[in-house]
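Single-structure report; data block below.
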Amino acid sequence: MRSLVIGVCAVVAYAIRHHDLLMPASYWLAVLLALWLNLVCEQCLPLRRRASPTILGGAILGRLLLVALVMTALAYGAKLSDSYSRLWSAYWLAASWLGLLVLALSESTRGGGRLILVGDAVELGTLGQRQPVAPGQQVVCLTLPQVLDWLNGPDGDKLAPGDEIVVVGRVPEPADRTALVLALHGNPVALRYCPDLFCADDALASVPLVPRPNPLDDFAKRLSDLLLGSLALALCAIPMLAIAAVIALDRSGPVLFRQQRLGLGGAAFTIYKFRTMVAAAAGQAEAPQAQGGDARITRFGAFLRRWGLDELPQLFNVLTGDMSLVGPRPHAFPHDMAWGSQLPHYVQRFRMRPGITGLAQVRGWRGYAGTLEAIRARLELDLDYIRRWSLLLDLRILLATLPALAQGALSEKRD
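Mapping the sequence shown onto the numbering used here, position 278 (from 1) lands on 337, and the numbers just tick up by one.
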C-alpha cells in the first residue's frame, strides 16, 4: 500500500508540474528506484507502534529525505541530474510525505484488536491503567487460570488476528507453562512475553547492565543484515532447493518446519527451518529439546542438523526483519518461559533480534542444552555479545561460524 501511495504521488506531482499524466520511462525508472530504497529504509528504520502523529511524521520525513539524498547522489554521479525536474522532485517528496503520514495515522488508529494482559491480578491492574493503547482498542486483564479457562472454553475460538496477548511476570510451574502453550498453539494472535517486568528479585547492583543499541547502530546492523542476507540467500538458493527436494521425496510431511519463537522485545514471530523430524513430532506444541540419537529425527534430518543446514530458511526471517544474521539464538516458547522463570536476567536476551548464529554458538554452545547451567553459560555469552556489539564483532562471528560447524560436525561423527 505504501508503494502504491508513493507511485500515485509521483504521477500527481508530474501532472502538477508538466500538466500531463503520461510520465516518460526515465521518470518511471526513478520511481522504481525510490520504491526499492524506501523498502530498504522501512526494514532498517521501522515505525514505532502507536506513536504520536509528530513522531510518525518525523520518522516518515526522515526516511523520505534519506531516499532523496541517495537518489540525488546517484543522479549526480551518473550525470543525470539535469534529466529530471527539481520542482517535480519537490512536489513528489511533499505529496509522498503527506500520503504516507495519512496512511500511517489511519493504520495506527484502527481499532478492533484487544490487548490481553495475563499475570498477577494486582500488577495487571497497575499495568492496565498506564499501558498506551490505540483508540478503540480494548484492554483485558486476566489471571493465568482465567485465561486458560477462556482459551480452552467456548470463547477460545473468538481470538482474532488483531488481538495481542502479553504474558506479564514469570510462570514458574511447569504444568501452567505447558497448559498455556497448548492453549495458545494455533491461535492467530500476536504474543509477547515480559518475564521480568514486575519480578526484580535481585538487588539493583547485581543486575548486569546491558545498554540498548542506539538508532544508528540499529540501522547499521539492519542494513548489513539486508545486504549480507540477500547475498547469502543468492549463494544458498540451489543447495536449499536440493535439500527441499530430498525432504519432499519423503512424502511424510511438509518441507518446512514452522514454530512460534520470541524475538526482539519478547514479541513472537514464526521461525522457518527445514523439517528434520517425523511429521508427528514436528507438529507438537510442547515437546522436549531434540538431542543426539533422538528417535524423532530422520536420517537425512540428522545430517542437516549436524552441519546446521536446517537453519538456512531462516535467511527469509532475516530479510523480513524478525531475525538477524548474528544474535542470541531463539528458543521454543516453552523453553523461554521455563528458563525465564529460573534465570533473573534471561529477558535481557530480547534486547536484540535473535540470530542464525551467535557468540555462544561459535564458543561451542550449540544444539542441545540439557542443564540449567548450560543455559546460564549461553546466557552470559549472549549478554556479553549485546554489551560488546559492533559490526566488526558480527563479522568475526560470521567468519568463525563455518569452522565451528565443521568442528562440531566432525567430532559428532567420530562419536
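Positions of the beta carbon are idealized from the N, C-alpha and C atoms, including for glycine.
From a predicted model like this one, the values you see are computed outputs, not experimental measurements.
What's the C-alpha gap between residue i and residue j?
i	j	result
F328	V377	12 angstroms
Q466	A459	11 angstroms
L461	W366	9 angstroms
V305	A391	26 angstroms
S400	V70	56 angstroms
A118	F362	46 angstroms
D141	Y135	9 angstroms
A307	V314	6 angstroms
S289	L139	28 angstroms
V198	R173	6 angstroms
M299	K332	11 angstroms
G116	V126	15 angstroms
W448	A279	12 angstroms
M396	L239	10 angstroms
E432	E101	40 angstroms
D277	W95	20 angstroms
G211	C200	The question names Gly, yet the displayed sequence has Asn at residue 211. The straight-line gap from Cα to Cα measures roughly 17 angstroms.
S165	L159	10 angstroms
T379	N97	14 angstroms
A296	L450	25 angstroms
H78	L294	47 angstroms
M82	C103	30 angstroms
D222	A74	42 angstroms
A163	W209	33 angstroms
T131	A137	10 angstroms
Could you tell me whether the Cβ atoms of residue i and residue j are closer together than 8 angstroms?
i	j	result
L440	R425	no
P389	L321	yes
P372	P413	no
V226	V177	yes
L146	R61	no
P337	R358	Correcting the residue identity first, residue 337 is Val in this sequence and not Pro. Cβ distance not < 8 angstroms, so V337 and R358 don't count as in contact.
L292	L374	yes
V129	L285	no
L250	I224	yes
I65	A93	yes
S155	L133	no
A463	R437	no
L484	I302	Only positions 60 to 474 of the chain appear in the structure, and residue 484 is not among them; the question remains open.
T335	G360	yes
Could you work out which residue in the options is closest to residue i when comparing CA atoms only?
i	options	result
V385	L308, L152 and L452	L452
M411	A291, R281 and I302	R281
Y252	V230, A238 and A234	V230
L27	W151, A134 and K138	Past the edges of the chain, shown from 60 to 474, lies residue 27, and the structure says nothing about it.
W398	I434, R173 and P298	I434
G325	S283, F333, M382 and L294	M382
T113	L157, D79 and L98	L157
F316	L139, L292 and E370	E370
L323	Y86, T131, R408 and Q197	R408
I175	S289, Q205, S165 and L457	Q205
L80	Q319, N97 and V67	V67
L442	G417, K138 and T430	G417
Q319	T131, D222, E232 and I330	I330
A234	L203, D277, A301 and Y73	L203
W87	G116, S148, P105 and L164	S148
S283	A72, W95, N97 and L454	L454
I415	A132, L287 and P83	L287
R364	R437, E232, S155 and A468	A468
P393	E232, N211, L201 and A137	E232
L91	W209, D309, L63 and N211	L63
S85	Y405, S144 and L164	S144
V406	A163, T379, T430 and G228	G228
A72	P83, A137 and A153	A153
P105	L275, A137 and R310	L275
Any idea what DSSP makes of residue i, helix, strand or coil?
i	result
K138	coil
R422	coil
R281	helix
E223	strand
R320	strand
T329	strand
L250	strand
G121	helix
R355	coil
M336	strand
G414	strand
V314	coil
R229	coil
L80	coil
A463	helix
R61	helix
R446	helix
key: Contiguous alpha helix (DSSP H) assignments of at least 4 residues, all confined to the region 364-409   = You should have 373-379 and 392-401.
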